[in-house]
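Structure, as structure tokens:
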Amino acid sequence: MSSLESPTPPGPAGPGPGVLAVDVGGTDMKAAVIDQGGNLHGLVRVPSPHDDERPGDVVVDQVAVLAREYATSYPHVELRALGLVVPGLVDDAAGVGLFASNFGWHDYPFGERVREATGLPVAFGHDVSAAGVAEMRAGAGLGANDAVVLIIGTGIAGAVFCEGRPVRAGGYAGELGHAQVPGGFPCACGALGCLETVGSAGAIARRYNLRTGRTVSGAKAVLAASQAGDADACEIWSDAVSALAFSICQLVAMIGTETVILGGGLAQAGSALLDPLGKEIEERLSFLRVPRLKTSVLGQDAGLIGAALRARDLVEKRR
Ligand SMILES: [Zn+2]
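First residue of the sequence shown: 1318, per the numbering used here; consecutive thereafter.
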């Protein structure tokens, strides 16, 4: 990791104990040391290990290798704990990865296994939930109490906060991508009409390709086509905005969401997404409070910083 050893600018995680953070994504796994000042060091991105026979063990092995390398490369940072976050269904409190379709583990005890493999206390959690906590404590959600962080990419995942507290429900809260919306399509999850079949970046590109017979690489190209006046692109973009507005209004009515933080690839559209979305939400709500829409401040590092914050919480509770 010699080429990646220069420290990044100060402090996204704020002051606290030194920890090691690992964020396992479907494609890439990211890791970094977070020092006592909240600076990230040695940020690495490596392909996430996949093994059909031992899908959990292979991740633990990779984490153990990284932990040894960091301990050697950063002897001046005392690592007090390790924060690990993974996708799928996760039981944070039990330290168990319940299920992840793109890895194949079932009820795998990550917390225990990583602790055995590294000798460090381990804080384990869900990637999007951890990213949400990071946004609330160190990003776009600072000062908000009732908020939802929506990560919109290939699919849609959410982190829900009510009265300042994360709502986890044993791993089942925040699955907004699989809530039904009007005009939704059959979903890979087996249900019909899920939000992510219309409102995700993946759906926008897929629907455009299907409808036009052309092949665009992603939602960004569909947005560009819509801005150039392509009627199909305009309709598909507007369907996505309507579906997202529908689901956000449901949240507002149910739990009084006051702030919606948008992350993931689609949020990079900025005002091309936020302006029509905000307008449609406002039109749909009567007396209810219209939520503030914001884009993620921590971006792709949110999950990693969230993993670090979880690890620090573990250390600080033990003091
Ligand atoms: Zn679904």
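Positions of the beta carbon are idealized from the N, C-alpha and C atoms, including for glycine. Note that the structure is a prediction, hence the values are computed from the model and not measured.
| query | result |
| --- | --- |
| So for His1495, helix, strand or coil by DSSP? | helix |
| Looking only at C-alpha atoms, which of Gly1460, Gly1472, Val1402 and Pro1483 sits nearest to Asp1444? | Val1402 |
| Check whether the Cβ atoms of Leu1467 and Leu1579 sit closer than 8 Å, and answer yes or no. | yes |
| By DSSP, does Arg1609 sit in helix, in strand, or in coil? | strand |
| Note down the Cα distance separating Gly1623 from Thr1574, rounded to an integer number of angstroms. | 21 Å |
| Counting C-beta neighbours from all protein chains within 10 Å, is the total for Glu1433 16 or more, i.e. buried, or is it exposed? | exposed |
| Locate the beta strand (DSSP E) running through Gly1400, then write down its first and last residues. | Ala1398 to Val1403 |
| Leaving out the 5 sequence neighbours to the left and right, which residues in its chain are closer than 6 Å to Arg1528 when beta-carbon positions are compared? | Asp1549 |
| Taking 7 Å as the cut-off, does the CB of Cys1506 come closer than this to any heavy atom belonging to ligand 1? | yes |
| Can you grab the Cα-Cα spacing for the pair Asp1352 / Leu1437, in whole Å? | 16 Å |
| Confirm, please, whether the CB-CB distance from Ala1448 to Ala1619 is below 8 Å. | yes |
| Which first and last residues belong to the alpha helix (DSSP H) in which Phe1563 is found? | Ala1548 to Ile1572 |
| Say yes only if the C-beta of His1495 is nearer than 7 Å to one or more non-hydrogen atoms of ligand 1, and no if none qualify. | yes |
| Can you determine whether any heavy atom of ligand 3 sits closer than 7 Å to the C-beta of Cys1479, and answer yes or no? | Here the bound small molecules are ligand 1; ligand 3 is not part of this structure. |
| Work out the CA separation of Trp1422 and Val1350 for me, nearest whole Å. | 26 Å |
| Apply the 10 Å Cβ neighbour rule to Val1477 and answer buried if 16 or more other Cβ atoms are within range, or exposed otherwise. | buried |
| Identify which residue in Glu1429, Val1361, Ala1348 and Gly1487 has its Cα closest to the Cα of Gly1405. | Gly1487 |
| For Pro1503, count neighbouring C-beta atoms within 10 Å of its own C-beta (all shown protein chains included) and say buried if the count is 16 or more, exposed if not. | exposed |
| Lys1347 bridges to which residues according to DSSP? | Asp1340 and Arg1362 |
| Between the beta-carbon of Ala1415 and the beta-carbon of Leu1337, is there less than 8 Å? | For clarity, residue 1415 is Leu in the given sequence; the question names Ala instead. No, the Cβ-Cβ distance between Leu1415 and Leu1337 is not below 8 Å. |
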